[in-house]
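Number of protein chains: 2
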Amino acid sequence: MLVSALLTSLAINSGLCVLFFVLYSILRKQPSNYEVYIPRLLAEGSSKRRSRFNLERLIPSPGWVRRAWKLSEEDLLSSSGLDAVVYMRIITFCLKVFSLAGIIGIFIILPVNCSGTALQTIDFTDFSNNSLDVFSISNIESGSQRLWIHFCAVYIVTGFVCYLLYYEYNYISSQRTAYFYSSKPQPHQFTILVRGIPVSAGSTVSESVENFFKEYYPSTYLSHIVIRRTNKLRSLINDGTKLYRRLLHLQSDPNQEKYKRLRLFGSKVDLVDHYGKQLEDIEENLRLKRSEVTSAGDEIRAAFVSFNSRYGAAIPFHMQLSTNPTNWIAEQAPEPDDVFWPFFSTSFIKRWIYKLVVVVACILLTILFLIPVVLVQGLTNLSQLEIWFPILKGILTITFVSEVITGYLPSLILQLFLKIAPPIMEFLSSIQGYISHSEIEKSACTKVLWFSIWNIFFATVFSGSVLYQINIFLDPKNIPGKLAVAVPAQASFFIAYVVTSGWTSTSSELFQIIPLLCSLIKRPFSKSTDDFQVPYMQYHREIPRILLFALLGITYFFLAPLILPFLLVYLCLAYIIYRNQFMNVYEAKYETAGKFWPTVHNSMIFSLVLMQIIAMGIFALKKVSLASTFSAPLIVLTLLFNEYCRKRFLPNFTSYSAEALIKKDRGDQDDATMGEFFDSLTTAYQDPAMLPVRYSESADNLNEPLISSLEIRG
Amino acid sequence: MLVSALLTSLAINSGLCVLFFVLYSILRKQPSNYEVYIPRLLAEGSSKRRSRFNLERLIPSPGWVRRAWKLSEEDLLSSSGLDAVVYMRIITFCLKVFSLAGIIGIFIILPVNCSGTALQTIDFTDFSNNSLDVFSISNIESGSQRLWIHFCAVYIVTGFVCYLLYYEYNYISSQRTAYFYSSKPQPHQFTILVRGIPVSAGSTVSESVENFFKEYYPSTYLSHIVIRRTNKLRSLINDGTKLYRRLLHLQSDPNQEKYKRLRLFGSKVDLVDHYGKQLEDIEENLRLKRSEVTSAGDEIRAAFVSFNSRYGAAIPFHMQLSTNPTNWIAEQAPEPDDVFWPFFSTSFIKRWIYKLVVVVACILLTILFLIPVVLVQGLTNLSQLEIWFPILKGILTITFVSEVITGYLPSLILQLFLKIAPPIMEFLSSIQGYISHSEIEKSACTKVLWFSIWNIFFATVFSGSVLYQINIFLDPKNIPGKLAVAVPAQASFFIAYVVTSGWTSTSSELFQIIPLLCSLIKRPFSKSTDDFQVPYMQYHREIPRILLFALLGITYFFLAPLILPFLLVYLCLAYIIYRNQFMNVYEAKYETAGKFWPTVHNSMIFSLVLMQIIAMGIFALKKVSLASTFSAPLIVLTLLFNEYCRKRFLPNFTSYSAEALIKKDRGDQDDATMGEFFDSLTTAYQDPAMLPVRYSESADNLNEPLISSLEIRG
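Going down the list, the sequences are from chains A and B.
Taking my numbering as reference, the numbering of the first sequence is continuous, increasing by one, and the terminal residue is 1347.
Taking my numbering as reference, the numbering of the second sequence is continuous, increasing by one, and the terminal residue is 1347.
Pasting the structure below:
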C-alpha cells in the first residue's frame, strides 16, 4: 500500500469522526433524543426533558468532552461500579504503554527504518508515492547492526509492560478487596448454589438439602430454595407479556376504533376484548401450571443455600462436601438478578453434551469465518481482483477508486463481519452451562478475544487456505520464521485497520447509530415517552476490541512504528467517549468486581510473547543471530512473570480470603438491619417464573413497572 | 531377531530364575541370613534365630510360595498398609487385563498374523529359524480385511481396561475412605503447615502465628511449632552419630587393644578415649548451637499449626487465608516421621530456583541418557557392530555368541543403566521443595515413569539421534504414521526385554543380591547380630517398572501378541514374590493411603491412547483407512472417560470430604484418650535436631535405640 492510500483512508475516517462528533454534539441536545443519548440520566431523573426551543440547541458544543474528562475514578466507581473502572483502566493502561512505545517508535525506530535501503530509499520529493514498507523493519538490510536498536526497544517495552501489568493487577486486586469491604450485605455473599444433590427414595430434594446442612452445618445454615423446572412457565409468561404489551399499546392509543378488524364472517370484534380474553386464558393456564410445578415435585437436584455469615457460606464452597465428589457440588451464587434461570432446566448429561457441542461449534465457526476474511484480503491485491472480475478493470485504474478499495474497503468489510461474532459467542456461552449472565459474558469475552486474534491477526498474516494455517501451527519449530516473514508484510493493512475499525467504531459508539435509527422508526408509533430501556455495557464486545488493538500495537511497535500515532489517537478517542457513555448511557447490569482483568492480563502476556517470537524470527531472518538468541530468555522471563502474577493475584479474583470474610462479618455483627436482611434472604433466590403475575388487573391500571420486573431474560 | 535368539534369551533367564528360586529357598532358612530375608519378622520378634542345624535347612522347599499365595488383602492391609494393597492391586489389575488380552492375542490375533504373507510365510519345518516378525501385524498384507479383527480387538481391550480402571479407582477411593474412618487419631490429621508467615517489626514468627489464628480461628486453634533453621545442627548430629557408632563398635569389640594406634610422636593414645573426647566436643558444640538457634530467633517463616479437630484443620487448609495469596499458605501436614526437615532450610526464592533447576536437570538427564540407549540398540545390529569393531568379526560369526549379543545383552545393559535413574530422580525431587519423604517419592515415581517411557519405549522405537526424536514430536501430524512404522519393528526387542528385565529383576528382588552381599561382607566385622535395619519398599522404583511393562503389553498386544505370555509369567512371578516380600522383608515407611493410584491411572490412560494412535497409524499404513478413521473416536472417548474419572475420584485422593471429617470428629468426641492425644500433639512436630542428645551417657550403656531415633534422614 502506498502512503497516498493510507492518506485516503485517513481522510475518509477523520471526516466520519468529525461528522459523528458534530452530529452528536447537536443531536444530544434535542429532547426527543434524550432516550438515545442520556437514557441513564433520564432514568435516574437527574435530567428532565425541556421542550423549550432555543438556538443553542442547534450549535455543536464540546461541553460534554470537558465533563467526561473531569470525571474522577471515585465518581465512576460509585456510579457505574468496579467493572467500569476496570474497563477505563484498560484504556489508560494501553495509553501509557503506547505513549512510551510511541516515543521510542517514532523518534528512534522510525528514522532507523527509513534510513535502510533494503526495499527502497525514501523518496522525499514525491512523499505520498512511497510504499508504507519504507517505514517498516523490512527496509533494513540483513546483518545491519542497527537492528540492535530494535532489540533494545523490545527489551525496554517488555519490561515497561510487565511493570505496568504488575502495578495494575495489584491495584485492581486491592480495589476489589476495598470494594468488598465497603459493600452492603448482599444475598449472593451469603449464598451458595449446590448441585448434584442425592435424594434417597421417599424424600424430596428439599428434605435432602435440609437434612444435610442441618447435620453438618447446624450453626451457620439458614435456609434454602430448591430450583424447579420452569421453562414451560417461562414461555407462557413471555407470551403473556407480549400480548399484554400489545394490549397496553391499543388501550393507550386514542384512535382505538381504527384497529377494529373485519373478521371472516363479517362480525366486528373489539380487538381489545379479544386480547384481554387471550390474556385471561394465559393467566389461568399459568396458575394451573404453577400449582402443578409446585405440587408435582418438578424439582431439579440443585438449590440455593443461604447461611448466616459470609464466612459460613464460604466454607462449604471451598471444601469437598461429600465423599462422592460428584454429589453436593457447591459454587458461589451469583447476584439474584444475575441468575440465568433457563440454564437450570437441563440435566447434567445434557449440559456436558452442550459443552462439547459448544467447543466444536467455536472451532468450526472460527475456521469457517476465514472464508470472508480471505475474500476481504483479496481486495488488497488489486491485480488478483482484476483476474476475478475482468469487468472492473476500467474502474480499478482510477486512482481514487483503487485507493478506496485497497485502503478503506477491506477493513470496513472485516469490521462488519466481526460485528456478528459477539452475539454468536454469547449464545454459545449461554448454552455452555454458566449459571449467571455475568459468567456468560465473561466466557463470551474470552471467546470473542481468541476469535478476533485468530480471525483478524493470524488470518490476515497468513492469508491463505485454512489448511495452510493449521499446517503452520502443526509445525511448531518454523513458527518464528514464518511469522517473521508474514507479519511485517501486513503492516500497512493493520495501520489502515486501526484507522477504519478503531476510529470509526469508537465514534459510532458515541453516535449510537442503531439505537438512534430504532428510536426514529419507533417514534411515530409510540406515544409513551417513558417506554425506553437503559442499555448496559456489553463488555464482551468492547474489551476484545481494545485488546486486539493492544496486540497490534505491541507486535508492530518495532516492526512498523507508524501504527502507534494512529493507535494513540484511537485510545484518546475511546478514553473520552467511553467515560461519557458510562456517565450518560450505560447502566451496570451486574457487578463482577473486576473479574474481567485476568482476561486482560493474559491477553497482554500473549501479545508480549507473540511479539518476542516475531522478534526472534526477524532477527534470525535478518542474520543478526546473536540478537535472535538473546530474545529467547525474554520469552522465558515473561512467562515466569506471568506465573508469578497468577500465584500472587489470581486467587483474589476467584474468591475472597478468610481474613476479609471474617472481618466483614464482624463488622456486620452490630448492625441492627441484619435481621431484616436475613428475612429477605429466604426469598431472594425465588425463580421469577414462580412469582404470581396478574395481567388482567394490572392491565386496567397500566402498571408498567410490574411487567418489566416480570420479563424473563435470556 | 530370530525365534532361536529369543529361545536363547528365554533359556538364560529361565535358568537364572530357577537358580534364584532354589537359592532363595535354601538361603532363607539359614539363620545367618534372616536379617536379609526376613528382617521384618525378626524386628517384630515373631521369628527367632534357631541355630540348631537340621537337614531340612539344605533342601529347597516351596512353603513360602504357599504362604504368600494365601495372604489375604485384609492381612496385607493391616500389616503393610494401604500402599502395599494398592501396589498388589496394580499387579492384579495388569494380570486381569493381560489375561483377556492374552486370550484374544494368542488365540485370535496370532493365527491371523501368522497366516499373512507380507513378510514371509511361516516355516514349520525349521521353526526356530523363523523371524519373530512373522508373528507380528507387519506380516499381514496391505488392504487385508483381516485387519478388522485387530480393530475389534483394540475396541474390546480398550473397553475392558476402562471398565477395570473405573472399578479399581472406585475401589481404592472407597478403601481410602474406609482407611480414614478406621484410623486412630494421628497428628497429621489435626495439623497444617503454614508458610509465608508475614512478620511485623518487633514481633516474632511465633507471636505472629499465635495472633493470626487466635484472631480468626479462636474456637479450633490449639498450638503451633515454628520451624527453625537447623541444617548446621543436623550435620553436627550426623557427625556425632557416626563417631558414636564407631565408638560403640570399638567398645563391643573384644580385641580393643588391637586398634590402638601409633601416633606421629610415638605416644600411644587409646582410640576409645580419643573418640569419646571428640564426641564430648561435638555434644558441647551441639548444646551451644541449639541454645543459639533457640534464642537468636533463627526462625523460618513456617510453622506447624494444630487444631482441636480434623475438620477445624481442614478449613484453613482449603481456604485462602490472607488477602495476599502469597502469605499464610496452608498445606496438609505430613506424618511427623515423614517430614523432610532439610527442606525447610531454604528460602522461598531458593526453592523456586531449585524447582526450575530440577525441571531443566530432568530434561537434560532424559536427553543425555539416550546416548547409552542408542549404543545398546547398536548391539541388535550385528552388522553395524562389525563395522565399529572389526576385531570381533571372528567371534560374532559363532551362532551362540551372536544370539546372546542380540537377544540378551542389549536389554541387560539397558536394565543396569536404568538402575541409576530412581536414586537420581529421588535426589532431584528432594531439592524440588516437597515437605515430606512420601511426597518426594511420589514425585520421583512420576519422574522415573516418564523417564522410562521416554528412554526405553520412545528411544528404542525411534532409535536415532536425539534431534531426530525431538523432530518427530515437533511434527505432530505425522506422529501416528511414524509410530506405525517404528513400533512393530521393535517388537522382538521388547519381547526379549520383558524376559530379561522383567523376569530377572523380579527374581533378583526375591534373592536380594545386594543386601545379601552386604551382609556377607559385613559379617566378619560385626558381632552384634541385632545391628540391622528393616528396609522399606521403594515404590518409586517398583511402580514405574510395572507400569512400563503394562505400557508395552497394551501397545503390543495387537501388534505382536507373542509378548503377552511372557508378560503374564512376569506378572505371576511378581504377584507371588512381592506378597512374600511384604510379609517378610519390607516395612511401611509412611502411609500415603493409596495416593500412588492416580499416577497408575494416568499411565494406563496414556498407554491406551498411545496404543490407539499406533492403531490409527497402522490401519492407515495398511490401507484400511475406514478402520483408521473409526479408531479416532476411541481416543476421544478414552480421554473423556479419563476426564470423568478425574472429576469423580481424584478429589478424594487429595483431601477428605467435609462429611468424612465431621463424622470422624464426632466419633472421637466421647473418646477419653483424646485429651492425652492433644497433649502429645503440641510436641509432635518438634524438629528432631532440636531434641536433646547425650552421646556420652548413652555410649556407656549402649543405648542403641536412642541413636536410631536420632538419625537424620535425607
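Glycine included, every Cβ here is placed at the ideal spot set by N, Cα and C.
If contacts are defined as beta-carbon pairs under 8 Å, then residue 1121(A) and residue 1193(A) qualify, I think. What distance do you get, rounded to the angstrom? Right, the Cβ-Cβ distance comes to about 7 Å (below 8 Å), so this counts as a contact.
Report the option in 764(B), 1190(B), 775(B) and 974(B) whose CA atom is closest to the CA atom of residue 935(B). When C-alpha distances from residue 935(B) are compared across 764(B), 1190(B), 775(B) and 974(B), the shortest belongs to 974(B).
Might you give, ordered along the chain, the residues of its own chain that have their beta carbon closer than 6 Å to the beta carbon of residue 1347(A), omitting 5 neighbours on each side? With a pLDDT of only 36 at residue 1347(A), under the threshold of 50, the placement of this residue in the model should not be trusted; the figure read from the coordinates follows. Excluding sequence positions up to five before and after residue 1347(A), its CB lies within less than 6 Å of the CB of 973 and 975, all in the same chain and listed in chain order.
Our contact map puts residue 1353(B) next to residue 1181(B) with C-beta atoms below 8 Å; I'd like the distance itself, whole angstroms only. Only positions 634 to 1347 of chain B appear in this structure, which leaves residue 1353(B) out of reach.
Around the Cβ of residue 587(A), are there at least 16 other Cβ atoms within 10 angstroms (buried) or fewer (exposed)? The requested residue 587(A) does not occur in the structure, where chain A is confined to residues 634 to 1347.
Measure the CB-CB distance between residue 1231(A) and residue 958(B) and report whether it falls below 8 Å. No, the pair does not count as a contact, with Cβ atoms beyond the cut-off.
For residue 1345(B), does the three-state DSSP call read helix, strand or coil? Confidence at residue 1345(B) is low in this model, with a pLDDT of 41, below 50, so the placement of that residue is unreliable and no value is reported for it.
Quick one: what's residue 962(B) bridged to in DSSP? Here residue 962(B) is bridged, per DSSP, to 828(B).
Short CB-CB distance (under 8 Å) between residue 1108(A) and chain B: Interface residue, yes.
Can you tell me whether residue 671(A) is helix, strand or coil according to DSSP? Of the three classes helix, strand and coil, the one that applies to residue 671(A) here is coil, per DSSP.
Measure how close the beta-carbons of residue 1103(A) and residue 991(A) come, nearest whole angstrom, since I'm counting them as under 8 Å. Not quite, the Cβ-Cβ distance comes to about 21 Å (not below 8 Å), so this is no contact.
Within chain B, partners of residue 1228(A) - CB distance below 9 Å: The contacting residues do not exist; residue 1228(A) stays about 16 Å from chain B at best.
Compile a chain-ordered list of the residues in the segment 950-979 of chain A whose CB is closer than 7 Å to at least one CB of chain B. Contacts with chain B (Cβ-Cβ distance below 7 Å) from the segment 950-979 of chain A involve 951, 952, 953, 954, 955, 956, 958 and 959, listed in chain order.
So that I know if they touch, is there some Cβ in chain A lying closer than 8 Å to that of residue 811(B)? Not flagged as an interface residue toward chain A: residue 811(B), since no C-beta distance is shorter than 8 Å.
Determine the chain B residues that contact residue 1288(A) at a beta-carbon separation under 9 Å, and present them in chain order. Ordered by position in chain B, the residues that pass the 9 Å Cβ test against residue 1288(A) are 952 and 953.
Reducing DSSP to helix, strand and coil, say where residue 984(A) ends up. Look at residue 984(A) here: in three-state DSSP terms it is helix.
Which residues in chain B sit within 8 Å of residue 1280(A), going by Cβ to Cβ distance? Residues of chain B passing the Cβ test: 958 and 959.
Counting contacts by CB-CB distance shorter than 8 Å, is residue 844(A) in contact with chain B? With a threshold of 8 Å between beta carbons, residue 844(A) makes no contact with chain B.
With which residues is residue 858(B) paired in a DSSP beta bridge? Residue 858(B) pairs with 937(B).
Does residue 849(A) get closer than 8 Å to chain B when you measure Cβ to Cβ? Yes, because at least one Cβ of chain B sits closer than 8 Å to the Cβ of residue 849(A).
With distances taken Cα to Cα, identify the nearest neighbour of residue 1222(B) among 650(B), 673(B), 1092(B) and 639(B). Shortest Cα-Cα distance from residue 1222(B) to any of 650(B), 673(B), 1092(B) and 639(B) involves 673(B).
Residue 850(B) (DSSP reduced to helix, strand or coil): Three-state result, residue 850(B): coil.
For residue 690(B) versus residue 663(B), is the C-beta spacing smaller than 8 Å? Note that the C-beta distance between residue 690(B) and residue 663(B) is below 8 Å.
Residue range of the alpha helix (DSSP H) that residue 1250(A) falls in? First-last of the alpha helix (DSSP H) with residue 1250(A): 1230-1254.
Mind reading off the beta-carbon distance from residue 953(A) to residue 1290(B)? Whole number of angstroms is fine, and I expect it under 8 Å. About 5 Å; that satisfies the 8 Å criterion.
Cα separation between residue 1175(B) and residue 1183(B)? In a straight line, the C-alpha of residue 1175(B) is about 13 Å away from that of residue 1183(B).
Contact set between residue 1284(A) and chain B, taken where Cβ atoms lie within less than 8 Å: Simply 953 and 958.
From the DSSP output, which residues share a beta bridge with residue 1203(B)? The partner list for residue 1203(B) (beta bridge, DSSP) is empty, contrary to what the question assumes.
Proximity to residue 1078(A) [Cα-Cα], best of 1054(A), 1251(A) and 831(A): The residue among 1054(A), 1251(A) and 831(A) with its C-alpha nearest the C-alpha of residue 1078(A) is 1054(A).
Under three-state DSSP, which class holds residue 1069(A)? Three-state result, residue 1069(A): strand.
Can you give the beta carbon distance from residue 715(A) to residue 808(A), rounded, assuming they're within the 8 Å contact cut? Between residue 808(A) and residue 715(A) the Cβ distance is about 6 Å, and since that is below 8 Å, they are a contact.
Buried/exposed call for residue 1080(B), threshold 16 Cβ in 10 Å: Residue burial is scored here from C-beta neighbours: residue 1080(B) has at least 16 other C-beta atoms within 10 angstroms and is therefore classed as buried.
Do you know how far the Cα of residue 801(A) is from the Cα of residue 1220(A)? The straight-line gap from Cα to Cα measures roughly 24 Å.
Taking only beta-carbon positions, decide if residue 840(A) is within less than 8 Å of chain B. Using a CB distance cut-off of 8 Å, residue 840(A) does not count as an interface residue toward chain B.
Does any C-beta atom of chain B lie closer than 8 Å to the C-beta of residue 1292(A)? Contact of residue 1292(A) with chain B is assigned, a C-beta pair being separated by under 8 Å.
Within the same chain, show all residues whose beta-carbon is closer than 6 Å to that of residue 676(A), passing over the 5 residues directly before and after it, in chain order. So the qualifying residues of the chain are 1167.
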